[in-house]
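Enquirer: Just passing along the structure, written as structure tokens.
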Amino acid sequence: MLKNKKEISTAIFILTVSFIVVIVETPIESKIPGFINLILFLIFLIGLGKIFTYSSNNSFINFLNWLFRVLLLITFTLGFLNVYLENPLNFRFLIVLTIFIIIFSVILITNALKNFNNMIFQLLNFIFGYGLILCVAGIGFGLFYLEYNDVFNLYTLEEYNKIMFHSNSSLTTYLFIIYKGLIPFYSFPSSGIILEQPITLILLCEYIIGFVFNVIIIGFFVSYFVTKFSKRNEEQ
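By full-length UniProt numbering, the letter at position 178 of the sequence shown is numbered 178, and the numbering carries on one by one without gaps.
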């Protein structure tokens, strides 16, 4: 028998994940009402959030938990990214994917700041989380703009033809797509938004997500590391 709330919530999370794994890409999946899928997804996010925010008084356990979180984050990110790559035109899923990777990467970073005092480890963890966010957002939005290049015109005709018809899926190609996908993430797309074409508002959505992420979140972490580095120099 389950004796406390922690055991009950853990059991619900495990059952939910197991159910999702069993029904995904099966005929049963299409028969489940949308609100049920939403509830299952919310339970999944809450359970995953508890895993990512858990802390222990034992530093070794915290390190093992951190390693487990990194593996979980990479696994789920690759899984969601693979689902998106099967249909790069699904901009709603793209927005959800981007917000998901930002939230859980930030939780991973803040948890490391809380549980570990080694500044080099904290910095490497920050670089990992930041890099993962940029890669996922870049490849996701970059492919979306590529599919709708006739609307966004983010790629020149030469670039479009080279990627679509002559690409060998090299690392350079993916890096270029990431670069293109991150342009609205860092700069306001003043010339690309056309009110007569609502799909172009995705540029504004990416810019808002990027603005919040870069100004608030990145600003906080940069100030944290600068302050900590300054205090460390004063102590020496």
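From the three backbone atoms N, C-alpha and C, an ideal C-beta is built for every residue, glycine too.
#1: Can you have a look at residue 109 and say buried or exposed, based on whether 16 or more other CB atoms are within 10 angstroms of its CB?
#2: On a CA-only basis, which of 101, 158, 91 and 148 is nearest residue 130? Give me that one, please.
#3: Would you call residue 105 buried or exposed, if buried means 16 or more other Cβ atoms sit within 10 Å of its Cβ?
#4: What would DSSP say about residue 1, mapped onto helix, strand or coil?
#5: Taking the continuous alpha helix (DSSP H) assigned at residue 122, which residues delimit it?
#6: Helix, strand or coil for residue 86? Go by DSSP, reduced to three states.
#7: Quick one, which of 119, 196 and 156 has its alpha-carbon nearest residue 227's?
#8: Thinking C-beta only, is residue 111 closer than 8 Å to residue 55?
#9: For the stretch 74–93 against the stretch 176–195, do three or more pairs of beta-carbon atoms, one drawn from each stretch, fall closer than 8 Å, so that the two count as touching?
#10: Apply the 10 Å Cβ neighbour rule to residue 196 and answer buried if 16 or more other Cβ atoms are within range, or exposed otherwise.
#11: DSSP on residue 116, reduced to helix/strand/coil?
#12: Please go through the same chain and pick out, in chain order, the residues whose beta-carbon is closer than 8 Å to the beta-carbon of residue 220, but skip the five residues on each side of it.
#13: Please check the pair residue 136 and residue 73, which I expect to be a contact at CB under 8 Å, by giving their CB distance rounded to whole angstroms.
#14: Helix, strand or coil for residue 196, going by three-state DSSP, please let me know.
Expert: Here's the rundown:
#1: As a working mapping, residue 109 is identified with position 109 in the sequence shown. Burial is judged here by how many other beta carbons sit within 10 angstroms of a residue's own beta carbon; residue 109 has at least 16 and is buried.
#2: Residue numbering aside, residue 130 sits at position 130 when the sequence shown is read from its first letter. The option with the nearest alpha carbon to residue 130 is 101.
#3: For the purposes of this step, residue 105 is identified with residue 105 of the sequence shown, where counting begins at 1. Classification of residue 105: buried, given that the 10 Å Cβ count is 16 or more.
#4: Residue 1 sits at position 1 when you count from the first residue of the sequence shown. Its pLDDT being 46, under 50, residue 1 is placed unreliably by the model, and the measurement read from it follows with that caveat. Looking at residue 1 - three-state DSSP - the assignment turns out to be coil, as it is neither helix nor strand.
#5: Counted from its first residue, the sequence shown places residue 122 at position 122. It spans 119–147 - the alpha helix (DSSP H) in which residue 122 sits, taken as one unbroken run.
#6: Here residue 86 refers to the residue found at position 86 when the sequence shown is read from its first residue. Judged by DSSP in its simplified three-state form, residue 86 adopts coil rather than helix or strand.
#7: The residue given as residue 227 occupies position 227 in the sequence shown. It is 119.
#8: Taking the sequence shown and counting its residues from 1, one reaches residue 55 at position 55. Taking the sequence shown and counting its residues from 1, one reaches residue 111 at position 111. Taking 8 Å as the cut-off, the Cβ atoms of residue 55 and residue 111 count as close.
#9: No, because fewer than three Cβ pairs between the stretch 74–93 and the stretch 176–195 fall closer than 8 Å, the two stretches do not touch.
#10: Numbered from its first residue, the sequence shown carries residue 196 at position 196. In the assembly as shown, residue 196 is an exposed residue. Its beta-carbon has fewer than 16 other beta-carbons within 10 Å.
#11: In the sequence shown, the residue the question calls residue 116 occupies position 116. Note: residue 116 maps to coil in three-state DSSP.
#12: Stepping through the sequence shown from its first residue, residue 220 is reached at position 220. So the list is empty, once near-sequence residues are dropped.
#13: Translated into the one-based positions of the sequence shown, residue 136 becomes position 136. Translated into the one-based positions of the sequence shown, residue 73 becomes position 73. Not confirmed; about 10 Å, so no contact.
#14: To locate residue 196, count along the sequence shown from 1; it is residue 196. Correct three-state label for residue 196: coil.
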